[in-house]
Every structure is written in structure tokens, then in C-alpha cells.
Amino acid sequence: MLKRIWHGWTTPANADAYEELLRSTIFPGIEDRAIPGFITIELLRRPLEAEVEFMTIMTFGDDNAVKRFAGAAHEQAVVPAAAQALLSRYDAQSVHYHVRVPSMAAG
Numbered sequence: 004m005l006k007r008i009w010h011g012w013t014t015p016a017n018a019d020a021y022e023e024l025l026r027s028t029i030f031p032g033i034e035d036r037a038i039p040g041f042i043t044i045e046l047l048r049r050p051l052e053a054e055v056e057f058m059t060i061m062t063f064g065d066d067n068a069v070k071r072f073a074g075a076a077h078e079q080a081v082v083p084a085a086a087q088a089l090l091s092r093y094d095a096q097s098v099h100y101h102v103r104v105p106s107m108a109a110g
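Heads up, this note's numbering is the position in the sequence shown plus 3, with the first residue counted as 1.
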């Protein structure tokens with residue numbers, strides 16, 4: 004299992020619009036692709052002094068699933084034009100981590 008992690012930043016004025024774009028269009032579009040090996044996507048958000056940071060964490064079953072999502076240059080970020088219009092800056096590449104210990108429920 005792999006986690007694909009990516010960061011993007013918006014102005015505070017664009018933060019809600021960007022989150023709504025992710026929730027209403029981008030994430031459902033990813034799910035609609037029914038990519039074999041795609042498991043889930045998470046969205047994290049935190050305010051900073053002059054901007055708002057977003058992090059997406061996607062979970063895939065293996066390297067091939069990541070390539071089915073992102074293509075041959077699988078480390079390159081996948082940022083649709085509508086998202087780019089709302090972002091101040093973003094990571095050009097995603098990073099991938101192999102999950103060594105899966106999440107565990109608190110007992």
C-alpha cells in the first residue's frame with residue numbers, strides 16, 4: 004500500500020472556493036474513474052499567517068495503481084486548471100510513501 008502526498012496553498016479569500024472545488028468536482032471525478040487499486044483520498048487544511056495550506060493524501064494498493072492515476076511520470080502532481088486558478092502555489096511533484104504499519108484503531 005502507498006500514500007501519495009501533495010500540498011497546495013491558497014490565499015485566505017480563495018480557500019473555501021478551492022475546498023468546494025475539491026469536494027464537488029475533483030474528488031468525485033477521481034472516484035468516477037474507478038481506478039483499480041485506488042483506495043481513498045483525504046483532505047487536510049490549515050490556516051497559516053498569510054495563506055491556507057491544503058494537503059491531499061491518496062491511498063493506493065501498489066505502484067501500478069499510482070501510475071494508472073497519474074501516468075508514466077507518476078511523481079508529477081495532477082492539478083487541474085480550475086484548481087491552478089485558485090492556488091497561489093503548489094508542489095510540482097507528489098511524494099510517495101510505502102505504508103509499513105497500517106492505521107490502527109485506538110483501543
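Note that CB positions come from ideal geometry on N, CA and C, so glycine has one too.
Per-residue DSSP class, three states only, for residue i
{"i": "L51", "result": "coil"}
{"i": "V69", "result": "helix"}
{"i": "R7", "result": "strand"}
{"i": "N78", "result": "Just to set this straight, residue 78 is Glu in the shown sequence, not Asn. If DSSP states are grouped into helix, strand and coil, E78 belongs with coil."}
{"i": "I60", "result": "strand"}
Proximity to residue i [Cα-Cα], best of the options
{"i": "R2", "options": "A95, G11, L25 and V81", "result": "Nothing in the structure corresponds to residue 2, since the chain is present only between 4 and 110."}
{"i": "R103", "options": "D65, E45, L24 and L47", "result": "D65"}
{"i": "R71", "options": "A37, S106 and N17", "result": "A37"}
{"i": "A88", "options": "K6, A16, H77 and Y100", "result": "A16"}
{"i": "T62", "options": "A84, S97, I42 and Q96", "result": "I42"}
{"i": "I29", "options": "A53, K6, E78 and P83", "result": "P83"}
{"i": "E54", "options": "H99, D19, V81 and Q79", "result": "D19"}
{"i": "V98", "options": "L90, A76 and A86", "result": "A76"}
Rounded straight-line distance, which links the Cα of residue j to that of residue i
{"i": "G32", "j": "V69", "result": "16 angstroms"}
{"i": "A108", "j": "P39", "result": "26 angstroms"}
{"i": "E56", "j": "T13", "result": "7 angstroms"}
{"i": "G74", "j": "E22", "result": "25 angstroms"}
{"i": "W9", "j": "I44", "result": "11 angstroms"}
{"i": "T59", "j": "P105", "result": "18 angstroms"}
{"i": "A80", "j": "L47", "result": "17 angstroms"}
Proximity below 7 angstroms, CB of residue i to CB of residue j
{"i": "L25", "j": "H101", "result": "no"}
Exercise. Would you list, in sequence order, the uninterrupted alpha helix (DSSP H) runs of no fewer than 4 residues that lie entirely inside the segment 18–48?
Key: 30–35
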